[in-house]
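Asker: Residue numbers (the working numbering): 1 to 75.
The beta carbon of each residue, even a glycine, is placed where N, CA and C say it ideally should be.
See below:
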């Protein structure tokens, strides 16, 4: 029977596997759901890091003159 979502096979070192297994048991969810949630959190973290770095670069290029206020920018 075909599944609705793509599947992913992952090979983990025993200590990492045991950690994920314990987290899943603690939360009362399947190993698959806990792994999916951890991957989702990691991707959100990477995205946040990317945008933080991008904002830092833009901040460096901000001119010396006073920047526009929010109201000025959107009027």
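Counting C-beta neighbours from all protein chains within 10 Å, is the total for residue 34 16 or more, i.e. buried, or is it exposed?
Answerer: Along the chain shown, read from residue 1 onward, the residue named residue 34 stands at position 34. Residue 34 comes out buried.
Asker: Tell me which same chain residues have a C-beta within less than 8 Å of the C-beta of residue 12, skipping the five on either side of it?
Answerer: Here the question's residue 12 lines up with position 12 in the chain shown. If we look at residue 12 and ignore the five residues flanking it on each side, its Cβ neighbours are 20.
Asker: Quick one: what does DSSP say residue 35 is sitting in, helix, strand or coil?
Answerer: Position 35 of the chain shown holds residue 35. In the structure shown, residue 35 sits in a helix (DSSP, three-state: H, G or I).
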